[in-house]
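Trainee: Quick note: to get our numbering, add 6 to the position in the sequence shown (first position is 1).
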Amino acid sequence: MADLVSRNWSPSAPNRTWVGDVTYIKTWTGWAFLATVVDCHSRRIVGFAIADHMRTSLIIDALRMAIIHRNPPHGVIFHSDRGAQYTSHEFRDFCRRNGVRPSVGRTGICYDNAVAESFFATIKKELIHLHPWPTLAHLKVAVFEYIESYYNRRRRHSSIAYHTPAEYELTYAPQRPKAA
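This is the structure:
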């Protein structure tokens with residue numbers, strides 16, 4: 007797989023370039039894994055999944071959520087690191103069946119997936135490291151609320167002129183012709 011993004015994190019419209027990654031979170035019952043899909047245009051989290059494993063199905067679940075909720079155009083780019091899940095046949099087949107073009111950065115170069123890494127740094131600082139997580143269920147509720155109620159709708163981002171992701175998509179959305 008090739009790098010189709012080359013660190014161009016500013017596509018001209020939503021649903022052109024998505025990035026994803028997986029991070030791990032400690033709970034009292036063991037490790038949890040959070041997979042995300044971020045729209046590079048608005049920095050909105052458009053898909054995510056949390057599980058007690060890091061199998062390919064976890065990242066497919068996050069990407070499936072993004073596809074269902076966003077209905078992207080055929081050929082949307084999904085960029086990630088070269089993790090085994092992202093380069094697996096199962097993942098590539100899922101992308102092909104859903105009109106997604108997979109893209110990967112260079113091995114071991116975190117800057118090639120900077121948008122995804124930046125989100126993980128933010129959520130860990132603003133949520134994950136502030137609380138103990140008794141169970142996976144507690145973590146799932148908190149992450150859902152953080153992403154859907156705060157991060158996408160109220161948290162301002164310097165990279166998008168201090169708008170929230172939701173505001174930015176409304177403000178900078180391509181103008182559609184009005185029906186006659």
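Glycine residues also receive a C-beta, built at the ideal position from the N, C-alpha and C atoms.
Every value quoted in this text rests on a predicted model; they were computed, and no experiment measured them.
(1) Alpha carbon to alpha carbon, what distance is there between Y30 and R103?
(2) In whole angstroms, what is the alpha-carbon distance linking E151 and H137?
(3) What's the C-alpha gap between F126 and G81?
(4) How is D27 classed by DSSP in three states: helix, strand or coil?
(5) What ranges does the alpha helix (DSSP H) occupy inside the stretch 119-169, keeping only unbroken runs of at least 4 residues that lie completely in it?
(6) Whose C-alpha, out of H59, I51, D87, R61, is nearest the C-alpha of I73?
(7) Are there 16 or more other CB atoms within 10 angstroms of the CB of V106, so buried, or fewer, so exposed?
(8) Assuming contact is defined by CB atoms lying nearer than 9 Å, are H75 and W24 in contact in what I supplied?
(9) Would you identify the three-state DSSP class for H95, choosing helix, strand or coil?
Mentor: Concretely, from the data shown:
(1) 28 Å
(2) 14 Å
(3) 26 Å
(4) strand
(5) 120-132, 142-151
(6) I51
(7) buried
(8) no
(9) helix
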